[in-house]
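What follows is one structure encoded as structure tokens, with my remarks underneath.
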Amino acid sequence: MKKIAPSILNADLSNLSQQIRYVEIGGADWIHCDIMDGQFVPNITFGPPVVKAVKNSTRLPVDVHLMIENAEKYLESFVENGADILTVHQEAQVHLNRTLTRIKELGIKAGVSVNPSTPVYTLHEVLELVDLILIMTVNPGFGGQSFIESTLRKVEQLSALRERNGYKFLIETDGGISKENILSVSNAGCDVFVVGSAIFKSDNISATTTELKNLVNTIIV
Ligand code: DX5
Ligand code: ZN
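Residue numbers for the sequence shown follow this note's numbering, beginning at 1153 and rising by one.
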């Protein structure tokens, strides 16, 4: 089954547990937390305390996306506060193998993310190590941006590499995903879809979540 990972970046954070309930009712699979430090990306969001609040509000896996410098300094803190998946950016990691190895030593899933202009080949040396590869389909930092079409070929490249070599990683996309484009992203080989504003800014959070999930899990015979 393909998965929907609503990003709380654009949720009503003053009613976080209620917003999480709505996406759970809609069939969400993961809860995606966008951590931003104002250094790696031009925005600041939240840290471990909010991840803890999310963890206390759901039984779904908490998928933490670290858009921060020096992520290696905070791994233990995010794990202690409930992260089930920790994804770091290839562009922000001098010692990527060491950081990914450390995440796995902490007993959770390790992910790596690349920005739209970062080629897939920069990940070649960690494809066997990672559990998840997050392809940014917008320039990171803000929700509500437009999907960057050229990133689709990166999903296709990764999917072909996985097929050819029997890698086990999941492919996740993040940014500008909506009803209009989710099928083409799914057909390119994406397994997990981070969706923020298309869900939380919609008229019916639960129904939109269900609609997106059905779109990517409907087998057309
Ligand atoms: C960008 C964020 C967003 C967010 C999804 O740094 O990672 O992509 O999760 O936001 P939408 O779905 O509104 O683009
Ligand atoms: Zn994200």
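For every residue, glycine included, the Cβ atom is placed at its ideal position computed from N, Cα and C.
Values in this document were obtained by computation on a predicted structure and should not be read as measured data.
Apart from sequence neighbours up to five positions away, the residues of its chain that approach F1294 with a beta-carbon distance below 7 Å are N1195, ordered along the chain. Around the Cβ of G1318, a 10 Å sphere holds fewer than 16 other Cβ atoms; the residue is exposed. In the structure shown, L1258 adopts coil according to DSSP, grouped into three states.
Counting C-beta pairs closer than 8 Å gives three or more between the region 1289-1306 and the region 1333-1341, which meets the contact rule.
Residue pairing of I1237 in beta bridges, as defined by DSSP: D1215, K1261.
Counting along the chain, F1345 sits inside the beta strand (DSSP E) bounded by residues 1344-1347. Just measuring C-alpha positions, the residue of I1285, V1290, V1347 sitting nearest E1324 is I1285.
By the 16-neighbour rule on beta-carbons within 10 angstroms, N1233 is buried. Taking the C-beta atoms as reference points, V1347 is found no nearer than 8 Å to I1220. Rounded to the nearest angstrom, the Cβ distance from V1216 to F1230 is 6 Å, consistent with a contact under 8 Å.
Boundaries around E1232 are those of the alpha helix (DSSP H), 1227-1232, since no beta strand (DSSP E) includes it.
DSSP places L1279 outside both helix and strand once states are collapsed to three, so it counts as coil. Counting of Cβ neighbours within 10 angstroms places H1276 among the exposed residues, the total staying below 16. Bounds of the beta strand (DSSP E) holding L1286 are 1284-1288.
Using a C-beta cut-off of 8 Å, the region 1200-1215 makes contact with the region 1167-1176, since at least three inter-stretch Cβ pairs fall below that distance.
Taking A1223 as reference, the option from K1353, P1213, L1212, Q1242 with the minimal CA-CA separation is Q1242.
Distance from the Cα of V1175 is smallest, within the candidate group T1274, E1363, V1337, A1262, for E1363. In this structure, G1263 sits away from V1290, with a CB-CB distance that is not shorter than 8 Å.
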